[in-house]
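All remarks here apply to the structure that follows.
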Amino acid sequence: MMQWLQRLPWAVLIIGTLTLGLAPFVPEPHLVEKLRMLFQGELSRPIDIFDLVMHGAFPALLLGRVILALKRA
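So that you can map any letter, position 11 of the sequence shown is 328 in this note's numbering, and since no number is skipped, the others follow by simple counting.
Right, here's the structure in full:
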């Protein structure tokens, strides 16, 4: 299962994290907004949950790839 994550290029994960993970850049990234809503218990609408998953996918994959790289080192 980890092989597909190891095959993803670093550049794709980093660019995806910087663009989709941090979009929109102003006034604050959606990921930050949705995480704040999650911790405050206000994340209840399906569109907000989808938004959190969509904007958090690349950062989660990048984090997984970093953890795998550190384990192999």
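The beta-carbon is built from N, C-alpha and C at its ideal position, and this holds for glycine as well.
Remember, predicted model here, so these are calculated numbers, not experimental data.
With a threshold of 6 Å on Cβ separation, who are the neighbours of PHE367 within its own chain once the five nearest residues in sequence on each side are excluded?
none
Can you tell me whether PRO344 is helix, strand or coil according to DSSP?
coil
Kindly indicate which three-state DSSP category GLU359 falls into: helix, strand or coil?
GLU359: coil per DSSP, three-state reduction.
Helix, strand or coil, according to DSSP, for GLY381 in the structure here?
Note: GLY381 maps to helix in three-state DSSP.
GLY333, enclosing alpha helix (DSSP H) - first and last residue:
327-336
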